[in-house]
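Those protein sequences? They're chains C and L, same order as listed. Heads up, the first sequence is in our numbering, so the first residue is 2 and it goes up one at a time. Heads up, the second sequence is in our numbering, so the first residue is 11 and it goes up one at a time. Input: a single structure, listed below in structure tokens.
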Amino acid sequence: MFLKKEFRIFYLILFLTAIFLLFYFSLFDKKDFQSRTMVGKEIPNLKAQSLLKDEIVSLKNIVNDEVFIVNIFASWCAPCKIEHPFLVKLNQDKIKIIGINYKDNRKNAQKFLKKYKNPYHEILIDSDGELSINLGAFGVPETFLVDKNFIIIDKKIGPIDDQFVKKASNFK
Amino acid sequence: MRYFFLLLFLLMQTISLADDVMTRSNQITKNLRCLVCDGQSVYESNSNFANDIKKYVKKEIVKNKTDHEIYNFLKRKYGESIMFNPSVTFKSIALWLVPILFFFMGIYILLRRIRG
């Protein structure tokens, strides 16, 4: 048309590259399972009945200017038993752990803690799963590492391991 | 007798309200993906995750939340992937428009060739 042949080829390549990039970034988004949506966001101020005492507690009143962990657990959940020693270790490392007792029987939860030790600083009862939805959780166990500014820096679906303990200890 | 009719009326109202909640909840959960299942909607699934979401949706409907508010909350927590029909974004519009653009460009080039 009005452009020289070299320019036409240059603009064609530029146009095709733009189209390629558009398709690449639109179609290669991970849409199947975005498990880390809440990572990088502020943790909601969860408020619920405490398992340890007879009062309503809220997350932001329990922790103060420190790195802490939120762990969803239940006495009926077998993988929770596997991860429990790691939680006890984290507690020995002086990291505050807030438990979310998911759809559990109060007595069974207390028995579970008596049997396997209680690593939790406070436990909020999540009788209908609403606290877990608020955390963007998928099930039990699930663990969130939260920084001093209440920002979720990491999360683990399933039982935590040595690697998670190390990461949490490094952040402290 | 008057009390009987009043009670009957109240009962009918409650049933109709519960029906409305159920219908709306079903509509919403049919458009939500069960993220721990294989290709099932929250409505179809009986997993713990799906049951929690169903309960949450019903609760929010009773609180007079709109469908949009419920979807938005869940998208904030679980990402766009929880929706079976993802919302329209610049990227999705562009993906629809680019092939059409190419089609018309092709016709334009073809016509120029034929005339030339």
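Even for Gly, the Cβ is constructed at its ideal location relative to N, Cα and C. As the structure is a prediction and not an experimental result, all values here were calculated from the model.
At a cut-off of 8 Å between beta carbons, L23(C) contacts chain L.
Per DSSP, Y66(L) lies in no beta strand (DSSP E); the unbroken alpha helix (DSSP H) holding it starts and ends at 58 to 72. The residue from P45(C), I44(C), L91(C) with its alpha-carbon nearest to that of S170(C) is L91(C).
The DSSP-derived three-state label of R34(L) is helix. With a contact defined as Cβ atoms closer than 8 Å, I99(C) and V71(C) qualify at about 5 Å.
Around the beta carbon of S26(L), fewer than 16 other beta carbons sit within 10 angstroms, so the residue counts as exposed. Annotation: the continuous alpha helix (DSSP H) that includes K115(C) extends over 107 to 117. Separation of L16(L) and T24(L) (C-alpha to C-alpha, rounded to the nearest whole angstrom) is 12 Å.
Taking V46(L) as reference, the option from I38(L), N61(L), N36(L) with the minimal CA-CA separation is N61(L). Using a Cβ-Cβ cut-off of 8 Å, A60(L) does not count as an interface residue toward chain C, since no Cβ of chain C sits closer than that to its own. In the structure shown, the three-state DSSP call for M93(L) is strand. Where G100(C) is concerned, the enclosing beta strand (DSSP E) starts and stops at 97 to 103. For F139(C), the chain L residues whose C-beta falls within less than 8 Å of its own C-beta are L45, V46, F59, listed in chain order.
Exposed is the label assigned to T99(L), since fewer than 16 other Cβ atoms lie within 10 Å of its Cβ. L21(L) and R12(L) have their alpha carbons spaced roughly 14 Å apart.
About 6 Å separates the CB atoms of T39(L) and K64(L); that is less than 8 Å, so the two are in contact. When DSSP states are grouped into helix, strand and coil, F29(C) belongs to the coil group.
Taking 8 Å as the upper bound for CB-CB distance, P142(C) and G159(C) are in contact here, some 7 Å apart. Below the 9 Å Cβ cutoff, chain L contributes N58, F59, N61, D62, I63, K65, Y66 as neighbours of G130(C), in chain order.
Fully contained in the stretch 115 to 151 of chain C are the following beta strand (DSSP E) runs of length 3 or more, in chain order: 123 to 127, 143 to 147. For the stretch 97 to 111 of chain L, the beta-carbon criterion of a distance under 8 Å to any beta-carbon of chain C is satisfied by K101, S102, A104, L105, V108. Here M115(L) is exposed, its C-beta having fewer than 16 other C-beta atoms within 10 Å.
Judged by DSSP in its simplified three-state form, D29(L) adopts helix. Boundaries of the alpha helix (DSSP H) harbouring V166(C): 163 to 172, taken from the DSSP string.
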